[in-house]
Amino acid sequence: MKWAVVVFYILSVVHIHWRGKVRLPIGRQLFDHSSFMAPINIFMHWFSRVPSTPYLPVDTFKELKPLEENWEVIRAEAENLLRLQKIKASEKNDDAGFNSFFKNGWKRFYLKWYNASHPSAQELCPQTYALLAAIPSVKAAMFAELPPGGKLNPHRDPFAGSLRYHLGLATPNDDRCFIDVDGERHSWRDGQGVIFDETYIHWAINGSESDRIILFCDVERPMRYRWAQAVNRFLGRTMMTAAASPNEQGDQVGMVSKLFRVSFYAGKYRRAFKAWNKTLYKITKFGLIIGLAAAIYYI
1 MKWAVVVFYI LSVVHIHWRG KVRLPIGRQL FDHSSFMAPI NIFMHWFSRV
51 PSTPYLPVDT FKELKPLEEN WEVIRAEAEN LLRLQKIKAS EKNDDAGFNS
101 FFKNGWKRFY LKWYNASHPS AQELCPQTYA LLAAIPSVKA AMFAELPPGG
151 KLNPHRDPFA GSLRYHLGLA TPNDDRCFID VDGERHSWRD GQGVIFDETY
201 IHWAINGSES DRIILFCDVE RPMRYRWAQA VNRFLGRTMM TAAASPNEQG
251 DQVGMVSKLF RVSFYAGKYR RAFKAWNKTL YKITKFGLII GLAAAIYYI
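Residues in the sequence shown are numbered consecutively from 1, following UniProt numbering.
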């Protein structure tokens with residue numbers, strides 16, 4: 001039985017690694033969060049009701065149409081937040097999901113995050129908040145800013161239970177500002193939406209001289225069977241809500257983000273060790289992971 005679990009896990013990681021045309025280096029893939037989530041994500045891919053392609057037609061999700069119809073209303077609230085300097089990086093290192101993006105200038109303001117509560121969104125963006133609340137399939141949403149020169153490095157998102165929707169609000173309308181999903185590029189345009197599968201390798205850059213602000217949403221992946229949809233919904237409600245991060249004091253902070261805050265400061269010592277001796281750091285890291293895997297297997 002244990003060997004069956006190990007083999008299934010290995011096959012799941014292989015599936016994730018070889019999915020699409022673009023892949024992470026094998027050394028990075030082995031320790032990437034997409035490998036740890038591989039058994040869950042292979043379930044999502046197998047029972048998905050939508051095609052396994054990097055991009056999907058926006059009209060596949062007709063419930064999103066009110067967002068595009070009201071994009072100027074949404075943009076006005078985003079620009080007001082920008083003036084108030086509310087679209088910002090995490091101030092307390094308590095954003096487990098997007099912490100690595102902040103070093104390159106990326107900023108966000110949460111509007112919705114699974115079952116977590118963000119009173120600041122309802123107070124500061126009432127119209128956008130109401131539009132999103134009326135679309136149950138939108139599980140998470142935020143305003144996301146990428147400044148001139150900002151870049152997000154190639155990565156996979158950890159959870160395949162959703163698909164990613166971007167709606168251009170205040171963009172450069174310039175082909176130098178784009179996202180690349182599995183080798184296919186899309187340049188944002190004001191008032192235009194795009195849907196892609198964030199479990200393919202993707203990266204983004206703003207090579208223009210203007211800021212880029214979009215509405216960024218996680219839309220629940222449609223599944224072929226009701227029971228599979230229920231599993232997806234349960235995992236999103238439990239795992240993803242635990243990663244909630246606040247905009248302001250009074251917003252909910254999930255347990256994962258609370259623990260991340262502690263691990264961030266502990267990570268300073270890890271980074272110092274890595275800077276001191278990178279080879280020894282890699283050997284130690286590999287040894288700890290092998291030891292953990294062995295402990296799990298023999299337990």
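Here a beta-carbon is modelled for each residue, glycine too, at the ideal position from N, C-alpha and C.
None of these values were measured; they are calculated from a predicted model.
{"Check": "If contacts are defined as beta-carbon pairs under 8 Å, then ALA116 and GLY254 qualify, I think. What distance do you get, rounded to the angstrom?", "Outcome": "6 Å"}
{"Check": "Count the CB pairs spanning the segment 180 to 187 and the segment 129 to 142 that are closer than 8 Å, and state whether there are at least three.", "Outcome": "no"}
{"Check": "Are three or more beta carbon pairs between the segment 165 to 180 and the segment 83 to 91 nearer than 8 Å?", "Outcome": "no"}
{"Check": "Using a Cβ distance threshold of 8 Å, determine whether the segment 34 to 46 contacts the segment 154 to 172, with at least three qualifying pairs required.", "Outcome": "yes"}
{"Check": "Return helix, strand or coil for GLY193, following the three-state DSSP convention.", "Outcome": "strand"}
{"Check": "Give the DSSP-derived three-state secondary structure of TRP276 in the structure shown.", "Outcome": "helix"}
{"Check": "From this set, ALA140, ALA170 and ILE205, which residue's C-alpha is nearest ARG233's C-alpha?", "Outcome": "ALA140"}
{"Check": "Rounded to whole angstroms, how far is the Cβ of TRP106 from the Cβ of LEU152, which I believe are closer than 8 Å?", "Outcome": "6 Å"}
{"Check": "What do you reckon, are the CB atoms on MET223 and SER48 nearer than 8 Å?", "Outcome": "yes"}
{"Check": "Going by C-alpha distance, which of TYR9, ILE205, PHE61 and PRO51 is nearest MET37?", "Outcome": "TYR9"}
{"Check": "Could you give the DSSP three-state label for GLU68: helix, strand or coil?", "Outcome": "helix"}
{"Check": "Whole angstroms are fine: how far does the CA of ASP218 sit from the CA of PRO138?", "Outcome": "The sequence shown places Val at residue 138, rather than the Pro named in the question. The straight-line gap from Cα to Cα measures roughly 6 Å."}
{"Check": "If we count the other Cβ atoms within 10 Å of its Cβ and call it buried at 16 or more, is HIS33 buried or exposed?", "Outcome": "exposed"}
{"Check": "Measure from the alpha carbon of SER187 to the alpha carbon of each residue in ILE205, ASP59 and TYR200, then state which is nearest.", "Outcome": "ILE205"}
{"Check": "Return helix, strand or coil for ILE205, following the three-state DSSP convention.", "Outcome": "strand"}
{"Check": "What does the Cβ neighbour count give for GLU77, buried or exposed, with the cut at 16 atoms within 10 Å?", "Outcome": "buried"}
{"Check": "Identify every residue that forms a DSSP beta bridge with TRP113.", "Outcome": "ALA140"}
{"Check": "So, are the CB atoms of TYR200 and PRO54 less than 8 Å apart?", "Outcome": "yes"}
{"Check": "How many angstroms separate the CA atom of LYS282 from the CA atom of GLY27?", "Outcome": "10 Å"}
{"Check": "Using the C-alpha atoms, what's the distance from TRP18 back to LEU169?", "Outcome": "34 Å"}
{"Check": "Report buried or exposed for LEU280, applying the criterion of at least 16 other Cβ atoms within 10 angstroms of its Cβ.", "Outcome": "exposed"}
{"Check": "Provide the residue(s) that pair with VAL219 in DSSP beta bridges, ordered along the chain.", "Outcome": "VAL138 and LEU163"}
{"Check": "Exposed or buried, what is PHE196 when buried is set at 16 or more other beta-carbons lying within 10 Å of its beta-carbon?", "Outcome": "buried"}
{"Check": "Under three-state DSSP, which class holds GLY168?", "Outcome": "strand"}
{"Check": "Is the beta carbon of ALA144 less than 8 Å from the beta carbon of PHE216?", "Outcome": "yes"}
{"Check": "For a test of the three-state rule: what should DSSP assign to PRO154, helix, strand or coil?", "Outcome": "strand"}
{"Check": "Which two residues bound the contiguous alpha helix (DSSP H) that contains ARG185?", "Outcome": "Note, ARG185: premise wrong, no alpha helix (DSSP H); beta strand (DSSP E) at 184 to 187."}
{"Check": "Does DSSP classify SER48 as helix, strand or coil?", "Outcome": "strand"}
{"Check": "Which same chain residues, not among the five before or five after GLU68, have their C-beta less than 7 Å away from its C-beta?", "Outcome": "LEU167, GLY191 and GLY193"}
{"Check": "Identify, in the order they occur along the chain, each residue of the same chain with its Cβ nearer than 7 Å to the Cβ of ASN173, setting aside the five sequence neighbours on each side.", "Outcome": "ARG189 and ASP190"}
{"Check": "Which residue wins for smallest C-alpha separation from PRO154, given the options ARG185, PRO136 and ILE135?", "Outcome": "ARG185"}
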